[in-house]
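What follows is a single structure, written as structure tokens, with notes after it.
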Amino acid sequence: MSVEKIPVKKARPNDYTSEHHPVWCPGCGHFFILRALTKALAWLNLDKENIGLVSGIGCSSRLPAYLDVYGFHGVHGRALALASGLKLARPDLTVIAAGGDGDGYSIGGNHFIHACRRNMDITYIVMDNEVYGMTKGQPSPTSAPDWHSKLAPKGTGLARFNPMGIALASGASFIARGFSGDPNGLTKILTEAIEHKGFSLVEIKSPCVTFRPEQKDWHHAMRLMNVTLTANPMEAAQAIYGSDGFDTGIFFQADMPVYEAEAANEKPHSDSASMESIEKALLV
Amino acid sequence: MPNHHQQTVPPRLAVSISGSGGTGAVTVGLILLDAVAKAGFYGNMTRAFGPQIRGGESAVMLHFSDQPIETLAEFSQLHLALDWVKFDRFEDEIPLTADSLVIYENSREKPPGLVENSGATLLGVDLQAIVKTIKGSRINMVALGIVAQQIGLARHFIEAALQKTLGRKGSEVVETSMAAVDAGMALLTDTPLSGLANWQPTHQPRWNMSGNEACGLGTLRGGLKFAAAYPITPATDIVEYLARPLVQMGGNLLIAEDELAAMNMVIGASFGGAPSMTATSGPGLSLMIEAMGLAVAAEIPALVITVMRGGPSTGIPTKSEQSDLNQALYALHGDAPHLVIAPLNIQESVNISQWALALSEALQTLVILVTDQHLGQTRMIMDPVDKLPLTLSRLQPKADPTADTAVHYQRYQITDSGISPMSLPGMGSYQYAAEGLTHTESGLPSSRVQDHAQHLHKRSHKILQFDYGELWAQRLPMANAQHTVITWGSSFEAVKEAVKLLNHRGAAISLIGLRLIMPLQAEALAALTQHQKVLVIEQNDSAQLSHYLLAEKAIPLDSEAYAKPGPLLFKPSDLIRPIQTWMEDRT
């Protein structure tokens, strides 16, 4: 069979953006994540109609409306479950889930664990600003124990949730931390994550300038792309647990079994022939 | 249809078997049901279990007839006890009277007081002694032979059924079992029951199927391509049944981490274009409610089958009740119009579940199909069911968009029917974001008064304007009747038999079995009942259906309810007197 070479139209980042302007506050880190994501999609030259972008509820979960792809703005905490159903039914799509730290690690915590465990070919982007922004500033699972807020005037006193540690323990095959203030590094991480076959967690530190103005200092604190990639979970665990949260890059990437649709390769008969045999099995 | 289906009350042979864990009472029941079917008859089998996960006491109740039978008998004519361990647990399910014959294993225990006091004829046999003479045999196979002999079931039907059930364990196992069956058949040759010999067998093909399997089959026929579920009694059998055939049909099954995930997975798969469903029961449905509202708001086709059990809270997981109607109707927050549909018996679960899935696709919304433990887990010998000739499908935009339509694609476009063309990922130029927030026609979030009202109306309008045809209810009208009984779900068959019997005795009662409960065909129902005395019969404590029908002004204000909680299914004999009493008061 001869394959005709068709000149491929190279996509540009703006091809992926919709006409809608984000509801985010001026200076919000999420703007840069949106930009890095469109750059990654353009770099990969993906067809817009073959991308499924699923989110939950929260500031960051508004993302789907801002891209010109097939999007789904669902309910709080369930983006990964919805994305898993979509990916299994439509293995041909590039499926990306996105949301915040509260959405993914608190109300969606169980789905996060099991999405890692299934290791389906989904990219999960978490825009982590250590706060519930949409409800105006409550502590999230990644907030520092001593962060004062209306809801926890003395701080929560609770240790931070360690998303990358949980992901590693639960079976995710790609684990990275990015920074919204590092567009180039972030674009590279997102490109690798989307290309990776398996579940990819991209945990992105993204300052909330409104409720966590002190996070503007992250610009000085973050160490850009300083992490050494490993496929060894022991080494990855050391790097993840040894990090103060300001190291960025891909911590872990490994070739691990991926949960996939089995229907495609197990359908030797037509629907009517299959149905006939299914009904025959019911006969006395 | 053969005319024997028209008989008032089907001839019936009621047999039960009980025993402690490992005695194999359920195996005997399954083989008997299959063997009687092979002999050319019909029947159904219900089960009762102790609370143990495995190896607890269990009982099966079988009803045989020369025609399809879904109702339960007033009492067990023949009970066979493999032992008496914790038999009192089954006192409700296995009613014994002076007309019952009880055959029991007598080498260990005497019958308990409740059995002795029932007045039943008791006959002890030493099954243990018999199995000692047949190496490798078990007492349940001797019992199988005894029951076969008592009901007049020929040996070769047992052998054929055994071959089907035990054949994979090798011919020796079958031979040993048949030796025990033969010993059982030779043991008691006096057969006081009038058995199968009096009936005309059929040679037509029949299905051996549970209601849960029927729901699985119906959804497959409806084009199901995706199921996600979290295990819960008594609904899990549906997805267990689907696991293989769904893949054969090119679909996929996802075991969810919880019901919240299951419902969202269904929505995701359906967004991708796969006709999708989940199956659960009351507690699981509670966890799905939020995402069910998403299916309504984002207009995603989704089928949820809920198999009701005793509630509230954990309730009685293994037994039946019709007490989750309110949950199916009202549990969603906001104005969330959706469909609530219920099959009236096991056999029609095939077609009604096919219809339910098709409606979810055609109306791009949530459909809740409500069955219960009895409908779901009772196994039945039935006539094969023809596929419903439905032509419902999901409305999609033109595959080849012009530049103009593509730029202006509005996923939630206001249309005359309220149904908007729904694009699927992969269709170029039709990208949109499905939205659970109140939105505009293009899907953009909006909190404006006009958008809110417009889309609330759109979603209720598309459901109300739809022509559901004749399937919304099953009507058995009676000429000159001034009394109408209304019921639903698993109560229907018992009510139908009771009403037929009373009509046969000279009463004039019309019967309506409701399938489409939401949107209620209130005008049609009101027209049918406006000059009638109405009695609503349902199996719950709070008369949920009755209150709903009254609130919708679908039945007269002086209508009454006969509502009794589960977990025991109504028997026709339970309903004769309540209906008679109501008629006497309401003449």
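Top line first, the protein sequences correspond to chains E and D. For the first sequence, position 112 (counting from the first letter as 1) is numbered 1247 according to my numbering, and the numbering increases by one without interruption. For the second sequence, position 501 (counting from the first letter as 1) is numbered 502 according to my numbering, and the numbering increases by one without interruption. Positions of the beta carbon are idealized from the N, C-alpha and C atoms, including for glycine.
Checklist line | Partner residues on chain D for E/LEU1417, Cβ-Cβ distance less than 7 angstroms | finding: When 7 angstroms is used as the limit between beta carbons, E/LEU1417 is near these residues of chain D: TRP208, ASN209, MET210, in chain order.
Next item on the list: Within 10 angstroms of the Cβ of E/VAL1158, are there 16 or more other Cβ atoms? Answer buried if so, exposed if not.
Entry: Taking a 10 Å sphere around the C-beta of E/VAL1158, we find fewer than 16 other C-beta atoms and assign the residue as exposed.
Item checked: Of the residues D/THR237, D/ARG139, D/LEU188, D/VAL341, the one placed nearest D/ALA26, counting alpha carbons only -> Shortest Cα-Cα distance from D/ALA26 to any of D/THR237, D/ARG139, D/LEU188, D/VAL341 involves D/ARG139.
Checklist line | Per-residue burial, D/LYS565 [other beta carbons within 10 Å of its own, 16 or more giving buried] | finding: Buried is the call here.
Check: Taking Cβ to Cβ, would you say D/MET266 is nearer than 8 angstroms to D/ALA257?
Finding: The beta carbons of D/MET266 and D/ALA257 sit closer together than 8 angstroms.
Margin query: Alpha carbons only, please: which of D/LEU521, D/VAL496, D/THR530 is nearest the one belonging to D/ARG578?
Written below: Proximity to D/ARG578 across D/LEU521, D/VAL496, D/THR530 peaks at D/VAL496, based on C-alpha coordinates.
Checklist line | Rounded straight-line distance, which links the Cα of D/GLN348 to that of D/HIS6 | finding: A caution first: D/HIS6 carries a pLDDT of 41, below 50, which makes its placement in the model too unreliable to give a value.
Next item on the list: Report yes if the CB atom of E/TYR1201 is closer than 8 angstroms to the CB atom of E/HIS1246, and no otherwise.
Entry: With respect to the 8 angstroms criterion, E/TYR1201 and E/HIS1246 are not classified as neighbours on the basis of their beta carbons.
Check: Can you list, in chain order, the residues of the region 442 to 463 of chain D whose Cβ is nearer than 8 angstroms to any Cβ on chain E?
Finding: Sequence-ordered contacts of the region 442 to 463 of chain D with chain E read GLY444, LEU445, PRO446 [C-beta pairs closer than 8 angstroms].
Next item on the list: Scan the region 497 to 577 of chain D and note each continuous beta strand (DSSP E) run of 3 residues or more that stays entirely inside, going in chain order.
Entry: Fully enclosed beta strand (DSSP E) runs of 3 or longer: 510 to 515, 517 to 519, 534 to 539, 561 to 564.
Notebook entry, point to check: Exposed or buried, D/MET210, counting other C-beta atoms within 10 Å across all chains shown (16 or more means buried)?
Noted result: By the neighbour-count criterion, in which 16 or more other beta carbons inside 10 Å mark a residue as buried, D/MET210 falls on the buried side.
Item checked: E/LEU1417 versus D/TRP208: straight-line alpha-carbon distance, rounded -> Taking the straight line from one Cα to the other gives about 5 angstroms.
Next item on the list: Please check the pair D/MET309 and D/SER282, which I expect to be a contact at CB under 8 angstroms, by giving their CB distance rounded to whole angstroms.
Entry: That belief holds up - the Cβ atoms of D/MET309 and D/SER282 are roughly 7 angstroms apart, short of 8 angstroms.
Next item on the list: Leaving out five residues on either side along the sequence, give the residues of the same chain with a beta carbon under 7 angstroms from the beta carbon of E/ASP1406.
Entry: When the five nearest sequence neighbours on each side are left out, no beta carbon in the same chain lies closer than 7 angstroms to the beta carbon of E/ASP1406.
Check: Any beta-carbon of chain E closer than 8 angstroms to the one on D/VAL248?
Finding: By this cut-off, D/VAL248 is an interface position.
Notebook entry, point to check: Can you list, in chain order, the residues of the region 1208 to 1219 of chain E whose Cβ is nearer than 7 angstroms to any Cβ on chain D?
Noted result: Listed by position, the residues of the region 1208 to 1219 of chain E near chain D (Cβ gap below 7 angstroms) are HIS1208, GLY1209, VAL1210, ARG1213, ALA1216, LEU1217, ALA1218, SER1219.
Item checked: Chain-ordered chain D contacts of E/HIS1249 [CB-CB under 9 angstroms] -> Within 9 angstroms Cβ-Cβ: ALA257, GLU258, ASP259, ALA262.
Margin query: Determine whether the beta carbon atoms of D/GLY223 and D/LEU376 lie at a separation below 8 angstroms.
Written below: Using a Cβ distance threshold of 8 angstroms, D/GLY223 and D/LEU376 do not count as a contacting pair.
Notebook entry, point to check: Any C-beta of chain D sitting closer than 8 angstroms to the C-beta of E/LYS1145?
Noted result: No, its Cβ sits nowhere closer than 8 angstroms to a Cβ of chain D.
Margin query: Is the separation between the beta-carbon of E/ILE1168 and that of E/LEU1176 shorter than 8 angstroms?
Written below: Their beta carbons are not under 8 angstroms apart, which means E/ILE1168 does not touch E/LEU1176 by this criterion.
Check: What whole-angstrom Cβ distance do E/GLU1349 and E/ASP1263 have, given they're in contact under 8 angstroms?
Finding: Not really, about 15 angstroms apart at Cβ, beyond 8 angstroms.
Next item on the list: Under the assumption that E/LYS1351 contacts E/SER1315 (Cβ atoms under 8 angstroms), give the Cβ distance between them as a whole number of angstroms.
Entry: Wrong, their Cβ atoms sit about 12 angstroms apart, outside the cutoff.
Next item on the list: Mind checking who D/GLU436 pairs with in its DSSP beta bridge?
Entry: D/GLU436 has E/HIS1208 as its beta-bridge partners, per DSSP.
Notebook entry, point to check: Among D/ALA552, D/MET519, D/GLN483, which has the Cα closest to the Cα of D/LEU465?
Noted result: Answer by Cα proximity: D/MET519.
Margin query: Can you tell me which residues form a DSSP beta bridge with D/ARG48?
Written below: Answer is D/VAL61, bridged to D/ARG48.
Check: Are the region 9 to 18 of chain D and the region 385 to 403 of chain D in contact at 8 angstroms, needing three or more beta carbon pairs?
Finding: No, they do not touch.
Next item on the list: Can you tell me which of the three DSSP states D/ILE1 falls into?
Entry: The requested residue 1 of chain D is not part of the displayed model; chain D covers only 2 to 588.
Check: Is the beta carbon of E/SER1190 less than 8 angstroms from the beta carbon of E/ALA1214?
Finding: Inclusion of E/SER1190 and E/ALA1214 in the CB contact set at 8 angstroms is warranted, their separation being smaller than that value.
Notebook entry, point to check: Does E/GLY1272 have its Cβ less than 8 angstroms from a Cβ in chain D?
Noted result: Chain D contact via Cβ: absent.
Notebook entry, point to check: Would the region 293 to 304 of chain D and the region 239 to 249 of chain D be scored as touching if the rule is three or more Cβ pairs under 8 angstroms?
Noted result: As far as the Cβ criterion goes, the region 293 to 304 of chain D does not touch the region 239 to 249 of chain D, which means the pair count is below three.
Next item on the list: Could you spell out the range, first to last residue, of the alpha helix (DSSP H) harbouring E/ASP1263?
Entry: Note, E/ASP1263: premise wrong, no alpha helix (DSSP H); beta strand (DSSP E) at 1257 to 1263.
Checklist line | Interface flag, E/TYR1205 vs chain D, CB-CB below 8 angstroms | finding: Cβ-Cβ to chain D under 8 angstroms: yes for E/TYR1205.
Next item on the list: With E/ASN1319 as the anchor, note down where its beta strand (DSSP E) starts and where it stops.
Entry: No beta strand (DSSP E) contains E/ASN1319, which is instead part of the alpha helix (DSSP H) from 1318 to 1330.
Check: Grouping DSSP H, G and I as helix and E and B as strand, with all else coil, what is E/TRP1178?
Finding: Residue state for E/TRP1178 is assigned as helix, using DSSP reduced to three classes.
Notebook entry, point to check: Thinking C-alpha only, which one of D/ASP93, D/ASN541, D/ALA36, D/ASN45 is nearest D/LEU326?
Noted result: When each option's Cα is compared against that of D/LEU326, the closest is D/ASN541.
Check: Considering only C-alpha positions, which residue in the set D/ARG55, D/LEU14, D/ALA303 is nearest to D/ASN45?
Finding: Relative to the Cα of D/ASN45, the nearest Cα in the group D/ARG55, D/LEU14, D/ALA303 belongs to D/LEU14.
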